[in-house]
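For the sequence shown, our numbering assigns the number 1 to the initial residue and increments by one for each residue that follows. Glycine residues also receive a C-beta, built at the ideal position from the N, C-alpha and C atoms. Only a predicted model underlies this, so the values are computations on that prediction, with no experimental measurement involved. Structure first, then comments.
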Amino acid sequence: MSLFGSARLKYALLSQRKSAPAHASAESSLTCDAANVLCAPARLFGSSGIRGIANSEISPELALNVGKALGTIHPGDIVIGSDPRTSGQMLKSAIVSGILSAGASAIDVGMVSTPTLAYAARRRRCGAMLTASHNPPEYNGIKLWNSDGSGFGVRQSDEVEKLMNSGKFKAADWKEIGALEFDNNAIEEHKSAILSAVGQARDVKVVLDCGCGAGSTITPYLLREMGCNVIALNSQPDGFFPARLPEPTDANLSTLKKVVVDSGADIGIAHDGDADRMCAVDRNGKYISNDLLLAFFAKFEKAKRIVVPVDTSMAIEDYTGAKVIR
C-alpha cells in the first residue's frame, strides 16, 4: 500500500504537533484516535516508494529529508532522475539539496524512464526516481534503487524512514558539502545495453503510445534501432499528460487501438508515465491482458517455475505448462 491511501489530514495540522517528525505529511504520518489525542506514526514507504499529491503530501520538505537520509546512509554518488511531471524539478532540487547537505554527491541524469534510472544506479551508490508511475498528473513520488538495479526492500526503506523520524542526519562541514554533477549519457547507455541483449525485429510494424511520459525519451528510438517500423503517438513528454491518463488501461487506449487497425500494424504498445510497465494490443486492436503478456514472456524464456501475484489467472499455467507459485 502506498503512503497516501486513505486519510486527508492537512500538513499544517501535523506540523503543529511536536510529536510529529518534520517531514510528516498527510496520510503517512499519524494514526489517531477519535479525540486526536493518541497518535502514532504510520509507515512512510509503501511497496512502490512514496506517493501523494505534489506540493502538498509530497512536499519539498519531505524530499529534502529523504535526500538527507540517503546522503547519510549511502555516502558516495547517488543518481537522481525524474519523469515529466510538473513538480519533478521542484522535488528534484529538494532531494539533491538534502544529499549534498549530508556530504554525498548527486548525479542528475535528467528526465528518464524508471528502468533507465535503475540501470544508471548500477554504477552508483544508489538511486532515487521522482515519479508517481501511472497515477494522475497531480501526483508525484520517490522510489529508491540499489546499486544492483533492484528497488529498496522493506528493511532499507525502514532504515531511511527511521532516520527521517529521528532527524539525526549527517551535516557536512562546509568544506565537505557534496557536489552536483549532470550525466547526459544515461539513456544512451541503457539503450545500448538493451540492444546488445536482444535481437533485431526487422519488418515489424509497431504503433507506440508513450502517453506523453518518460518512455518518450527511449522507447521510440530503441524500437527503430531494433529495425522496427514505428508509428509514435504522444511521444512528446508533457507533465500534464494531455493525450490520455498515464495508466495504460484498455479504456485509456482507444486511439492506440484505432491506429493499429487503420495502419495495419503488427502490434500496439503503450507505456505508463515512467515507462516501468507496458501494455499491448494485437493487430485487431484487441487489448492483451497483463496475465497473457506475462504468459507470453514466460514461455519465451522457457520458464519452468514462475512466481506471480495471487490474483493472476490460470492463463499462466494453461499457456506455459510451468509450475506457478502464487
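Alpha carbons only, please: which of the options is nearest the one belonging to residue i?
i    : options                   : result
L130 : Y119, T114, R122 and L70  : T114
S192 : V206, L222, E247 and L163 : L222
S48  : S93, L117, A63 and S157   : S157
N68  : S101, P137, T86 and G76   : At residue 68 the sequence reads Lys, which differs from the Asn that was named. The shortest C-alpha separation from K68 is found at S101.
A265 : L208, F45, D311 and D318  : L208
A172 : A298, F240, E225 and S97  : S97
L327 : P246, E247, L245 and A270 : Beyond the ends of the chain as shown, which are 1 and 326, falls residue 327; an answer cannot be given.
D83  : D77, G151 and L91         : L91
D276 : T219, G76 and L292        : T219
H190 : V112, G213, M164 and P246 : V112
S150 : R124, G167, R283 and N165 : R124
L144 : S166, I316, A118 and H134 : A118
D250 : G46, D272 and F152        : D272
S56  : V66, G141, S93 and I107   : G141
I99  : E247, N165 and E181       : E181
G76  : D291, R43 and N146        : N146
V261 : D183, D238, I231 and A243 : I231
N184 : E317, F297, I107 and A94  : I107
D318 : K299, V310, D311 and H134 : K299
M164 : L292, D238 and I73        : I73
F152 : C126, S254 and W174       : C126
S166 : V66, S93 and M278         : V66
Report the rounded CA-to-CA distance for residue i versus residue j, giving the unit in angstroms.
i    : j    : result
D148 : Q236 : 30 Å
E176 : V109 : 23 Å
A105 : V160 : For the sequence presented, residue 105 should be read as Ser rather than Ala. Their backbone Cα atoms lie some 17 Å apart in a straight line.
T86  : P137 : 8 Å
G199 : G103 : 43 Å
T217 : K286 : 26 Å
G321 : K302 : 10 Å
L62  : G88  : 13 Å
E188 : V79  : 16 Å
F241 : N234 : 9 Å
S196 : K168 : 44 Å
A22  : A280 : Caution applies to A22, whose pLDDT of 41 falls short of 50 and renders its modelled position unreliable; the value that the coordinates give is listed next. Answer to the nearest angstrom: the Cα atoms are 43 Å apart.
P248 : D274 : 11 Å
G345 : A243 : The structure shown does not extend to residue 345, since the chain is modelled only from 1 through 326, so no value can be given for it.
R224 : A295 : 26 Å
A34  : R155 : Because the pLDDT of A34 is 40, which lies under 50, any placement of that residue in the model is unreliable, and the number read from its coordinates should be weighed accordingly. Roughly 31 Å separates the two Cα atoms.
A94  : L64  : 5 Å
A315 : F297 : 12 Å
A40  : L293 : Confidence at A40 is low in this model, with a pLDDT of 46, below 50, so its placement is unreliable and the value that follows should be read with caution. The straight-line gap from Cα to Cα measures roughly 42 Å.
N284 : M278 : 18 Å
Kindly indicate which three-state DSSP category residue i falls into: helix, strand or coil?
i    : result
N185 : coil
G199 : coil
A34  : For A34, the predicted model reports a pLDDT of 40, less than 50, meaning its position is unreliable; a value from the coordinates is still stated below. Three-state DSSP puts A34 in coil, outside helix and strand.
R341 : Since the first and last residues shown for the chain are 1 and 326, residue 341 lies out of range.
G239 : coil
D209 : strand
H271 : strand
N65  : helix
R124 : coil
D173 : coil
K162 : helix
I50  : strand
N140 : strand
V230 : strand
K302 : coil
S101 : helix
K286 : coil
M129 : strand
V96  : helix
S263 : helix
L293 : helix
M111 : strand
L180 : strand
I194 : helix
A24  : Model confidence at A24 stands at a pLDDT of 42, short of 50, so the residue's coordinates are unreliable and nothing is read from them.
I316 : helix
Enumerate in chain order the residues of its own chain whose CB-to-CB distance from residue i is below 7 Å, with the five nearest sequence positions on each side excluded.
i    : result
Y139 : R51, G52, I53, A54 and A132
V307 : I325
L245 : P136 and N252
R305 : A322, K323 and I325
D282 : I267 and I288
D238 : P84 and C212
R122 : S147, D148 and G149
Within the same chain, show all residues whose beta-carbon is closer than 6 Å to that of residue i, passing over the 5 residues directly before and after it, in chain order.
i    : result
C228 : A201, V204 and V206
V259 : V207
A179 : S105
G81  : V109, V112, L117 and M129
V310 : R326
If I'm right that residue i touches residue j with Cβ under 8 Å, what's the distance once you round it to whole angstroms?
i    : j    : result
K162 : G71  : Incorrect: roughly 15 Å between the Cβ atoms, too far for contact.
S313 : D291 : 5 Å
A120 : A186 : 4 Å
Sorted by chain position, which residues of the same chain lie with C-beta nearer than 8 Å to residue i's C-beta, five sequence neighbours on each side aside?
i    : result
I194 : L222
Quick one: does the C-beta of residue i sit closer than 7 Å to a heavy atom of the ligand SAM?
i    : result
P115 : With respect to the ligand SAM, the structure offers nothing, as it holds no ligand at all.
8 Å is my cut-off, CB to CB: does residue i come that close to chain C?
i    : result
C279 : This model lacks chain C altogether, as it is built from one protein chain only.
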